[in-house]
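These protein sequence lines map, in sequence, to chains A and B. Residue numbers 1 to 90, in full-length UniProt numbering, belong to the letters of the first sequence in order. Residue numbers 1 to 989, in full-length UniProt numbering, belong to the letters of the second sequence in order. Glycine included, each C-beta is placed from N, C-alpha and C at the ideal position. In what follows, a single structure is set out as structure tokens and then discussed.
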Amino acid sequence: MASLVPCPHCGQRPKEEFTVKGAALARPTADASPETWFDYVYLRDNPRGLYDEYWHHTSGCRRWLVVTRDTATHEIEGVRDASAKKEAAE
Amino acid sequence: MTSYRLTKGGLVDRSKPLSFTFDGKRFVGLEGDSLASALLANGQLLMGRSFKYHRPRGVLTAGAAEPNALMTIGEGGRTEPNTRATMQELYQGLVAQSQNRWPSLDHDIGALNSLLSPFLSAGFYYKTFMWPAAFWEKLYEPFIRKAAGLGKASYEADPDRYEKCWAHCDLLVIGSGATGLAAALTAGRAGARVILIDENATIGGGLLAETATIGGISAPDFVSRTLAELESLPNVQVLARTTGFGWYDGNVFGAVQRVQKHVRDPRPEVPVERLWRIAAKQAILATGAEERPLVFGGNDIPGVMMAGAMRTYLNRYGVAPGQKVAIFTTNDSGYALARDLEAAGVKLAAIIDSRVAGASNGVYSGPARIVRGGFVSDAEGGKALSSITVFKDGQTEKLAVDALAMSGGLSPVIHLACQRGGRPEWSDTHAAFIVAEDRKGLSLAGAAATVNGLSACLEAGVAKAIHLVGGLGFNAERTVFGAVEGDVIPAAAKPVWNIPGIKGKAFIDYQNDVHRKDIGLAVREGYGHVELAKRYTTNGMATDQGKLSNVNAIGLLAEARGISPADVGTTTFRPFYTPVSFGALAGTSHGKHFQPVRQSPLHNWAKKNGAQFVETGLWYRSSWFPRSGEKTWRESVDREAKTVRLNAGLCDVSMLGKIEITGKDAAEFLNRVYSNAFLKLPVGRARYGLMLREDGFIYDDGTTSRLEENRFFMTTTTAYAAGVMNHLEFCAQALWPDLDVRLASVTDQWAQMALAGPKSRAILQTIVDEDISNEAFPFLGAKEVSLFGGKLTGRLFRISFSGELAYELAVPAGYGESVADALMEIGKEHGICAYGVEALGVLRIEKGHVTHNEINGTVVPADLGFARMASATKADFIGKRMLEREGLNDPNRHQLVGVRPLDPATSFRSGSHILEKGAAATLENDQGHISSSCYSPHIGSTIGLALVKRGASRHGEEVLVWNGLRNEYTPARLCDPVFFDPANEKLKV
Numbered sequence: 001m002a003s004l005v006p007c008p009h010c011g012q013r014p015k016e017e018f019t020v021k022g023a024a025l026a027r028p029t030a031d032a033s034p035e036t037w038f039d040y041v042y043l044r045d046n047p048r049g050l051y052d053e054y055w056h057h058t059s060g061c062r063r064w065l066v067v068t069r070d071t072a073t074h075e076i077e078g079v080r081d082a083s084a085k086k087e088a089a090e
Numbered sequence: 001m002t003s004y005r006l007t008k009g010g011l012v013d014r015s016k017p018l019s020f021t022f023d024g025k026r027f028v029g030l031e032g033d034s035l036a037s038a039l040l041a042n043g044q045l046l047m048g049r050s051f052k053y054h055r056p057r058g059v060l061t062a063g064a065a066e067p068n069a070l071m072t073i074g075e076g077g078r079t080e081p082n083t084r085a086t087m088q089e090l091y092q093g094l095v096a097q098s099q100n101r102w103p104s105l106d107h108d109i110g111a112l113n114s115l116l117s118p119f120l121s122a123g124f125y126y127k128t129f130m131w132p133a134a135f136w137e138k139l140y141e142p143f144i145r146k147a148a149g150l151g152k153a154s155y156e157a158d159p160d161r162y163e164k165c166w167a168h169c170d171l172l173v174i175g176s177g178a179t180g181l182a183a184a185l186t187a188g189r190a191g192a193r194v195i196l197i198d199e200n201a202t203i204g205g206g207l208l209a210e211t212a213t214i215g216g217i218s219a220p221d222f223v224s225r226t227l228a229e230l231e232s233l234p235n236v237q238v239l240a241r242t243t244g245f246g247w248y249d250g251n252v253f254g255a256v257q258r259v260q261k262h263v264r265d266p267r268p269e270v271p272v273e274r275l276w277r278i279a280a281k282q283a284i285l286a287t288g289a290e291e292r293p294l295v296f297g298g299n300d301i302p303g304v305m306m307a308g309a310m311r312t313y314l315n316r317y318g319v320a321p322g323q324k325v326a327i328f329t330t331n332d333s334g335y336a337l338a339r340d341l342e343a344a345g346v347k348l349a350a351i352i353d354s355r356v357a358g359a360s361n362g363v364y365s366g367p368a369r370i371v372r373g374g375f376v377s378d379a380e381g382g383k384a385l386s387s388i389t390v391f392k393d394g395q396t397e398k399l400a401v402d403a404l405a406m407s408g409g410l411s412p413v414i415h416l417a418c419q420r421g422g423r424p425e426w427s428d429t430h431a432a433f434i435v436a437e438d439r440k441g442l443s444l445a446g447a448a449a450t451v452n453g454l455s456a457c458l459e460a461g462v463a464k465a466i467h468l469v470g471g472l473g474f475n476a477e478r479t480v481f482g483a484v485e486g487d488v489i490p491a492a493a494k495p496v497w498n499i500p501g502i503k504g505k506a507f508i509d510y511q512n513d514v515h516r517k518d519i520g521l522a523v524r525e526g527y528g529h530v531e532l533a534k535r536y537t538t539n540g541m542a543t544d545q546g547k548l549s550n551v552n553a554i555g556l557l558a559e560a561r562g563i564s565p566a567d568v569g570t571t572t573f574r575p576f577y578t579p580v581s582f583g584a585l586a587g588t589s590h591g592k593h594f595q596p597v598r599q600s601p602l603h604n605w606a607k608k609n610g611a612q613f614v615e616t617g618l619w620y621r622s623s624w625f626p627r628s629g630e631k632t633w634r635e636s637v638d639r640e641a642k643t644v645r646l647n648a649g650l651c652d653v654s655m656l657g658k659i660e661i662t663g664k665d666a667a668e669f670l671n672r673v674y675s676n677a678f679l680k681l682p683v684g685r686a687r688y689g690l691m692l693r694e695d696g697f698i699y700d701d702g703t704t705s706r707l708e709e710n711r712f713f714m715t716t717t718t719a720y721a722a723g724v725m726n727h728l729e730f731c732a733q734a735l736w737p738d739l740d741v742r743l744a745s746v747t748d749q750w751a752q753m754a755l756a757g758p759k760s761r762a763i764l765q766t767i768v769d770e771d772i773s774n775e776a777f778p779f780l781g782a783k784e785v786s787l788f789g790g791k792l793t794g795r796l797f798r799i800s801f802s803g804e805l806a807y808e809l810a811v812p813a814g815y816g817e818s819v820a821d822a823l824m825e826i827g828k829e830h831g832i833c834a835y836g837v838e839a840l841g842v843l844r845i846e847k848g849h850v851t852h853n854e855i856n857g858t859v860v861p862a863d864l865g866f867a868r869m870a871s872a873t874k875a876d877f878i879g880k881r882m883l884e885r886e887g888l889n890d891p892n893r894h895q896l897v898g899v900r901p902l903d904p905a906t907s908f909r910s911g912s913h914i915l916e917k918g919a920a921a922t923l924e925n926d927q928g929h930i931s932s933s934c935y936s937p938h939i940g941s942t943i944g945l946a947l948v949k950r951g952a953s954r955h956g957e958e959v960l961v962w963n964g965l966r967n968e969y970t971p972a973r974l975c976d977p978v979f980f981d982p983a984n985e986k987l988k989v
């Protein structure tokens, strides 16, 4: 967890305003394999370190965010609006 | 002889006496006293009884770590048990009670436990209460429950207010002693936003008990002067009586401020406690150090106390500990006390110093006898100390004393710094557990970082503040304080864990009565690991969380195991530093403020019509409308259901979730979130929709109407209104941000009423300006309508949950009550009635319509007969792919079916299970369960909907309905789930 979440629209807000959905995974296409879909719906990594999660600013701007959080230190590395494309990896 | 108030000295006001009671006896203290200092001033050494052995106990400390002097303060709803008398400010009329004694503090039956002590050693819980097993419930558990806990909470409601708030600052300083004051002043002068908090009633920390001078003025005067400047700075906030109890993620600190715990009658408009969450860019932990007790026999007898505490009572409160005092120390700090006692005219019997060399040069030059290389092996006395045994070189000597101070060295107060995973490390140099001085966002300074002496602490506070606020862009100047004179700087000394020559019980953990031998026993029995020893002996598990005892226990464990304290390590530090009241944690969320109440815009209409309300989530829904003469709820519900089918009824459905969906891709969006097709829904039409979860199971259902090409109006179930909104936002923002779609929750904007029954059109047509005949406005029509000759615009939907000719009319919320009143008035001649959710339930079960009783997270569309609503032609929708899984298409799945008792005079309840006729009532034979049931006045018996294995193909089969909780068996028959008007002849007229 984190006590404060830097919402890109609202600034630093207390975590109680947010709802966590879980891993921010890309939804497979409709014709993807059953295994891919099974992974998407049921299987989750449990990494130590950075993890992308969907957080909803439920009691704020009501935007869905992708929060990049360190599962070991709880530090928030970055937050972006879920509709924003992830910056291309170098 | 005993403790008493000195004629002068201290920060108490001798012109302002305060009277209070302790165990019903009246005492007088002074303004500025703590409850503990006032009791000591009155010679009341005995302040409590210990937990296990009920040993008489006096006050040990003058601060937050106090394990003995725990009292119940206040009366009635303000009763507060386990209050540390050392932290409780005295006020006029304070009422205090001692705890853990019966019938009185002086004569306590429980003290007989001491005689049983051979059986109450470490681990006795595990050994004693094991057998015979039958004794557990009847004997052991009631016994343990009775013995457990210290004070007793009140059953009366707390009459006071609590609140929570946030604060933000550049620098938070925790602790207002020399280090904290210097840091706050330095940062404050630089313009940084500073919050300074201290758990004590008075700012100043150890300076308040200090006799050294700073720049030629007394330490308390230095505090006043510094505080005055701090309070004059607009960027500095000083909070006394505020305990920083936790360090949380994001550098947020939890603190509780006791705003009105020091007054008899709190002002009702001000909270008694305030819970702070302080988001600090940087923080300084200037919490000082805690003095360690020494573990010798009888070290718990009233009259034995910490040397630093004795010095505080003397210098701050003007209370002498006794007539003849001894000091037992392992380090120089005991000598500061010796000097101050002598200056106050208190006779010193001896200073027993465990070091062969004694005090450092120049620390003490007084007349007291000093026993170097000596130990106090035992203290003697019952309810008050009478003598001590000094052990030196194998020889013992008895000294008559009535007070004994002890100092086993200093442990930095590092709790907060260790709450987020930081492990303290043992330092032989400092004879203490320490943590790295700079942690991200939180730095230690002063005695908490093993800095010794006032001058060095002032300097450390200044330096740390300059460094930290410098990093935030503030240019802080070096604060210069005058020279410190008369300070005793206690260099760290070798700790003494095992004291030689002990005869009596030597306590480590006072509150839980853990003594020296318990540690040895734990090690011998294989519980020598620090975390195991803690649980086995209960050391450190009391309300003081081992503030005084943990390091001694670790030292003794280390010696018993032949290793260093560094290898023993500490137990885990967790919030809270000291206990926090439930009131503070609850804040304003109690009683009727615990959660909001949601009332429909038609609430008042329902009330006027005599509704009985039922809480569903936050909503108050009208469940039925009794009329005079109706004796049971069933009579009302039967009448309402019959009236709807015969004439007409009006039901409040405003609490259904309502979502407005707009944008040029709105239809495409709906097509993806619903399993059935929505792309081609014509304008002016409503459609029932099924929403799946991504795993293929049904999530929610409702009707969605197309009001314009790019404007839709969705309804959801009441329970999932918020969840569906979140889900749709997720789909729109995270899954398909390229779609042009906008969502707005409009649940509260509309008052929505269902008007159902064969006469509903006639009633409605009276107020609707447009033609709503079957031809002009057929089943599943949806449109904006003009009402009352153009006075109002509403939305009309021809949808039906009851199976009757029915409409739902939505009007702006504020007009709801008037419109409902008008419809009831017009409907009078048609025999209209108001009906509630109970009758609504009967009508929908009669029609086989499902709710979340059926959509329970385990059903897929085909289970409910909705196979065709999972579109085979759509390329994609939420849940499509997982719905294809084999298990979700198994012919043996549970399917929706109706159930009727064979004998109409019998009935069954929801939740009952279905068995094949003649099958035994076992889990293996379970065929499914009744999901909804009611009495149907139209069928003339109980009817039910059930989810039954292959149910759709078993209509007509005789089964047994089994209620295992009530041991009821009802022979019944499975049937079509539509009990009433299966051809929908009444619906589309």
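One or two residues paired with D701(B) in a DSSP bridge
In the second sequence, the residue the question calls residue 701(B) occupies position 701. Paired residue(s): L690(B).
Chain-ordered neighbours of V41(A) on chain B, where CB pairs are closer than 8 angstroms
Here residue 41(A) is taken as the residue at index 41 of the first sequence, counted from 1. Here the neighbours are E694, D695 and M882.
For G93(B), the first and last residue of its enclosing alpha helix (DSSP H):
Position 93 of the second sequence holds residue 93(B). Here G93(B) belongs to no alpha helix (DSSP H), and DSSP marks it neither H nor E.
From this set, T86(B), G10(B), R161(B) and L337(B), which residue's C-alpha is nearest Q77(B)'s C-alpha?
Along the second sequence, read from residue 1 onward, the residue named residue 77(B) stands at position 77. Residue identity check: residue 77(B) is Gly in the sequence provided, not Gln. For G77(B), the nearest C-alpha among the options comes from R161(B).
Assuming P778(B) is part of the alpha helix (DSSP H), what are its boundary residues?
Position 778 of the second sequence holds residue 778(B). No alpha helix (DSSP H) contains P778(B), which DSSP labels as neither H nor E.
Tell me which residues share the same chain as E916(B) and place their Cβ nearer than 7 angstroms to its Cβ, disregarding the 5 neighbours each side in the sequence.
Residue 916(B) sits at position 916 when you count from the first residue of the second sequence. Closer than 7 angstroms at the Cβ level, and outside the excluded window around E916(B), lie N925, Q927 and V959.
Using the beta-carbon of each residue, which ones in chain A are nearer than 7 angstroms to Q733(B)?
Counting from one through the second sequence, the residue named residue 733(B) turns up at place 733. Those within 7 angstroms of Q733(B) in chain A are R63, W64, A82 and S83.
Return the Cβ separation of G123(B) and Y510(B) in integer angstroms, given the expectation that the two are a contact with Cβ distance under 8 angstroms.
For the purposes of this step, residue 123(B) is taken as residue 123 along the second sequence, with counting starting at 1. For the purposes of this step, residue 510(B) is taken as residue 510 along the second sequence, with counting starting at 1. With a Cβ gap of about 19 angstroms, G123(B) and Y510(B) do not count as contacting.
Tell me which residues of the region 25-38 of chain A have at least one Cβ-Cβ distance to chain B shorter than 7 angstroms, keeping chain order.
R27, A30 and W37
Which residues in the same chain have their Cβ closer than 7 angstroms to the Cβ of E90(A), if we skip the five residues on either side of it in sequence?
By one-based count along the first sequence, residue 90(A) stands at place 90. At E90(A) the pLDDT is 37, less than 50, meaning the model places this residue with poor confidence; the figure from the coordinates comes in the next sentence. Cβ neighbours of E90(A) beyond the five flanking positions: none.
7 angstroms Cβ shell around E31(B) - same chain, five flanking residues per side excluded:
For the purposes of this step, residue 31(B) is taken as residue 31 along the second sequence, with counting starting at 1. Shown here for E31(B): same chain residues with a beta carbon closer than 7 angstroms to its own, the five before and five after excluded, namely V12, D13, K16 and L18 in chain order.
Helix, strand or coil for V637(B)? Go by DSSP, reduced to three states.
In the second sequence, counting from the first residue as 1, residue 637(B) sits at position 637. V637(B): helix per DSSP, three-state reduction.
Roughly how many angstroms separate the alpha carbons of G689(B) and A279(B), rounded to a whole number?
Against the second sequence, residue 689(B) aligns to sequence position 689. Against the second sequence, residue 279(B) aligns to sequence position 279. Spanning the two alpha carbons is a distance of roughly 46 angstroms.
Taking only beta-carbon positions, decide if D438(B) is within less than 7 angstroms of chain A.
Taking the first residue of the second sequence as 1, we reach residue 438(B) at position 438. No, its Cβ sits nowhere closer than 7 angstroms to a Cβ of chain A.
Could you tell me if W497(B) is buried or exposed, where buried requires 16 or more neighbouring beta carbons within 10 angstroms of its beta carbon?
For this step, residue 497(B) is matched to residue 497 along the second sequence. Buried.
Straight-line CA distance for G591(B) to R193(B)?
Along the second sequence, read from residue 1 onward, the residue named residue 591(B) stands at position 591. Along the second sequence, read from residue 1 onward, the residue named residue 193(B) stands at position 193. Looking at the two C-alpha atoms, the distance is approximately 37 angstroms.
What residues of chain A sit near N676(B), judged by a beta carbon separation below 7 angstroms?
Within the second sequence, the letter at position 676 stands for residue 676(B). Correct list: empty, because the minimum Cβ distance to chain A is about 16 angstroms.
How would you label S953(B), buried or exposed, when you count the other beta carbons within 10 angstroms and need 16 or more for buried?
Within the second sequence, numbered from 1, the residue matching residue 953(B) stands at position 953. By the 10 Å Cβ count, S953(B) comes out exposed.
Quick one: using the 10 Å Cβ neighbour count with 16 as the cut-off for buried, is K547(B) buried or exposed?
Reading the second sequence from its first residue, position 547 is the one you call residue 547(B). If you draw a 10 Å sphere on the C-beta of K547(B), you find 16 or more other C-beta atoms in it, and that means buried.
DSSP three-state call for S407(B): helix, strand or coil?
Here residue 407(B) corresponds to residue number 407 of the second sequence, with the count starting at 1. DSSP places S407(B) in strand when its eight states are reduced to three.
Would you verify that the beta carbon of A23(A) is, or is not, closer than 7 angstroms to some beta carbon of chain B?
On the first sequence, residue 23(A) is found 23 positions in, with the first residue counted as 1. No, A23(A) does not count as interfacial toward chain B.
Among E199(B), P904(B) and S936(B), which residue has its Cα nearest to the Cα of P971(B)?
For this step, residue 971(B) is matched to residue 971 along the second sequence. Of E199(B), P904(B) and S936(B), the residue nearest in Cα terms is P904(B).
Does DSSP put T747(B) in a helix, a strand or coil?
What you label residue 747(B) is simply residue 747 of the second sequence in a count that begins at 1. In the structure shown, T747(B) sits in a helix (DSSP, three-state: H, G or I).
Counting pairs of Cβ atoms below 8 angstroms between the region 490-508 of chain B and the region 228-244 of chain B, do you hit three or more?
no
In chain order, what are the residue ranges of uninterrupted beta strand (DSSP E) at least 3 long that sit wholly in the region 602-657 of chain B?
612-616, 619-624 and 648-652
Mapping the DSSP letters down to three states, classify L974(B) as helix, strand or coil.
Within the second sequence, numbered from 1, the residue matching residue 974(B) stands at position 974. Strand, per DSSP.
Near Y313(B), what residues of its chain come up, given a Cβ to Cβ distance below 7 angstroms and the 5 sequence neighbours on each side ignored?
Here residue 313(B) refers to the residue found at position 313 of the second sequence. Result list for Y313(B): S37, L40, A62, V319 and P321, in chain order.
Where does T716(B) sit, in a helix, a strand or coil, going by DSSP?
As a first step, residue 716(B) is located in the second sequence; it is residue number 716 there, counting from the start. Strand, per DSSP.
Proximity below 7 angstroms, CB of R274(B) to CB of Q257(B):
Within the second sequence, numbered from 1, the residue matching residue 274(B) stands at position 274. Within the second sequence, numbered from 1, the residue matching residue 257(B) stands at position 257. Contact flag set, yes.
Within a Cβ cutoff of 7 angstroms, which residues of the same chain sit near H830(B), ignoring the five residues on either side of it in sequence?
Numbered from 1 along the second sequence, position 830 holds the residue referred to as residue 830(B). Closer than 7 angstroms at the Cβ level, and outside the excluded window around H830(B), lie N647, A648, K759, A762 and I763.
Helix, strand or coil: how does DSSP classify E985(B) here?
In the second sequence, the residue the question calls residue 985(B) occupies position 985. Coil at E985(B), not helix or strand.
Residue-chain proximity (H9(A), chain B), Cβ-Cβ < 7 angstroms:
Within the first sequence, the letter at position 9 stands for residue 9(A). No - not a single Cβ of chain B is within 7 angstroms of the one on H9(A).
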